[in-house]
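Working notes, beginning with the structure itself.
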Ligand SMILES: Cc1ncc(COP(=O)(O)O)c(C=O)c1O
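Numbering (this note's numbering), first residue to last: 286 to 780.
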């Protein structure tokens, strides 16, 4: 495609038909990629690929077609791990063909601020309303779409910090607090919570990791003891975080107990429901999230267990004004005043995504979930969530019935922790064996399943958020682990 020879440049093509042709080619290529994902080989890039990627800034562009060809041959083949039907290593989204196509529409409309009276403001509001409905979260609550679970937690905790601080936090910041503010979470809480607490100036040392029981749920008595100990020591316990699906074991805290305690102690109650919140639309596991509706704020994402394209997360906040006041500017930015004035007149100010999270300019974040939810409806997503929960149960049954394997944690939801354990081996030997197994598995598909350490024990783990997996895939991984385990055992005995 030749560049314009006209004096004034533009990124629009000289030949729109050629651009259309390239577009079709790109769509064809990506549809084929997604269609054949189960048969794709996936590797890490070779040193040569890395050299090819890391080139000096091009002074003259090579053209759209060439850049796309490079993507096809030197980027795409090394991508897509989490899209495989046999990928359960980390809680990572699988995407979908329609999600990909609607992503093109999002980019096609370019950036905006998702604030009424622009049309994207109403689309955004509708998506928030649908999410609230699916989670049984109060109608009067508000929310904002963000980049993922980490930002969703950050946003909720920012509101918590400001709303519960003993000073005007926006004015004085953390430097002005009379008592150190402390926050509590079970020891299975996700590490992104620590990042949020640090970035919010609260300090990682003021995040109390409370012990969990054999069921991996936060121990309420231990939490009560910690808050009263902190109060006596002059701290300000201001927030407790509940986990709806811990990343290691998929455990759910007792949200009603946490909500009761938070109310008594005047603490903000936040829930990290990044993936687990979606049990709410299952038939069998919805009661795990009972009490979620009592939280002051909830972080959830759509790019993991709702199979939507990355990066899509959401923060819901019950007190819409507290949410708005956390992010809105102290002074009015004159250059964008006109749009906020229109919002004010229409009574839509609290719906403006640009006033409810860090970014001012945003992509049309809500278009993807809007189109996907319209296209498939709640029913389809409920079936898919249920399917994954059933698959977790199926895998757990295979493990339980197998005398050479064991479950290493109770299976509360969609995460199955297990290991090869033929009996008669020490903890050290079991760790050696299972480490051998996982390193062999990583050679087949990196993170097909993963390893982790729970309560001091090395374990294998499958986190099932994959709409492409079928029952036979779980038979496959069960047999694979057993076969590799037997081989590792016989090697161990030879030594
Ligand atoms: C429970 C939990 N919370 C938060 C996160 C962070 O979410 P994200 O990766 O979307 O930032 C994760 C990621 O796996 C998670 O499992």
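All C-beta atoms in this analysis are idealised placements derived from N, C-alpha and C, irrespective of residue type, glycine included.
If you're wondering where the values come from, they're calculated on a predicted model, not measured in any experiment.
Buried or exposed for residue i, please, with buried defined as at least 16 other CB atoms from any protein chain shown within 10 angstroms of its CB.
{"i": "residue 774", "result": "buried"}
{"i": "residue 497", "result": "buried"}
{"i": "residue 594", "result": "buried"}
{"i": "residue 396", "result": "exposed"}
{"i": "residue 336", "result": "exposed"}
{"i": "residue 533", "result": "buried"}
{"i": "residue 301", "result": "exposed"}
{"i": "residue 751", "result": "buried"}
{"i": "residue 445", "result": "buried"}
{"i": "residue 405", "result": "buried"}
{"i": "residue 518", "result": "exposed"}
{"i": "residue 329", "result": "exposed"}
{"i": "residue 733", "result": "buried"}
{"i": "residue 614", "result": "exposed"}
{"i": "residue 770", "result": "buried"}
{"i": "residue 491", "result": "buried"}
{"i": "residue 433", "result": "buried"}
{"i": "residue 783", "result": "Residue 783 lies beyond the stretch modelled for the chain, which goes from 286 to 780, so this question has no answer here."}
{"i": "residue 527", "result": "buried"}
{"i": "residue 466", "result": "buried"}
{"i": "residue 636", "result": "buried"}
{"i": "residue 468", "result": "buried"}
{"i": "residue 735", "result": "buried"}
{"i": "residue 589", "result": "buried"}
{"i": "residue 436", "result": "buried"}
{"i": "residue 390", "result": "exposed"}
{"i": "residue 463", "result": "exposed"}
{"i": "residue 565", "result": "buried"}
{"i": "residue 663", "result": "exposed"}
{"i": "residue 702", "result": "buried"}
{"i": "residue 501", "result": "buried"}
{"i": "residue 482", "result": "buried"}
{"i": "residue 511", "result": "buried"}
Who are the Cβ neighbours of residue i in its own chain at under 6 Å, not counting the five residues just before and after it?
{"i": "residue 627", "result": "402"}
{"i": "residue 580", "result": "554 and 556"}
{"i": "residue 583", "result": "556, 558 and 601"}
{"i": "residue 749", "result": "373, 673, 676, 677 and 699"}
{"i": "residue 394", "result": "649"}
{"i": "residue 360", "result": "none"}
{"i": "residue 576", "result": "540, 541 and 544"}
With a threshold of 7 Å on Cβ separation, who are the neighbours of residue i within its own chain once the five nearest residues in sequence on each side are excluded?
{"i": "residue 472", "result": "494, 495, 496 and 497"}
{"i": "residue 542", "result": "505"}
{"i": "residue 621", "result": "none"}
{"i": "residue 424", "result": "417"}
{"i": "residue 804", "result": "Outside the modelled stretch of the chain, which goes from 286 to 780, sits residue 804, for which no answer is possible."}
{"i": "residue 411", "result": "655"}
{"i": "residue 651", "result": "399, 405, 408, 409, 412 and 430"}
{"i": "residue 313", "result": "none"}
Pull up the DSSP beta-bridge partners for residue i, would you.
{"i": "residue 493", "result": "469"}
{"i": "residue 556", "result": "527 and 583"}
{"i": "residue 522", "result": "467"}
{"i": "residue 736", "result": "745"}
{"i": "residue 485", "result": "DSSP, once it has assigned bridges, lists no residue as partnering residue 485."}
{"i": "residue 602", "result": "427 and 582"}
{"i": "residue 647", "result": "397"}
{"i": "residue 537", "result": "529"}
{"i": "residue 503", "result": "497"}
Excluding the 5 residues flanking residue i on each side, which residues of the same chain have their C-beta closer than 8 Å to its C-beta?
{"i": "residue 509", "result": "546"}
{"i": "residue 384", "result": "592, 593, 594, 653 and 657"}
{"i": "residue 761", "result": "371"}
{"i": "residue 780", "result": "none"}
{"i": "residue 451", "result": "462, 463, 464 and 521"}
(request) Scan the region 661-725 and note each continuous beta strand (DSSP E) run of 3 residues or more that stays entirely inside, going in chain order. (result) 690-692 and 700-705, all fully within the region 661-725.
(request) Report the residue ranges of all alpha helix (DSSP H) runs contained in full by the region 380-404; include only those spanning at least 4 residues, in chain order. (result) Counting only runs of 4 or more, we get 382-393.
(request) Only counting runs of 3 or more residues, tell me where the beta strand (DSSP E) segments fall wholly within the region 310-364, in order along the chain. (result) The qualifying runs do not exist here; there are none.
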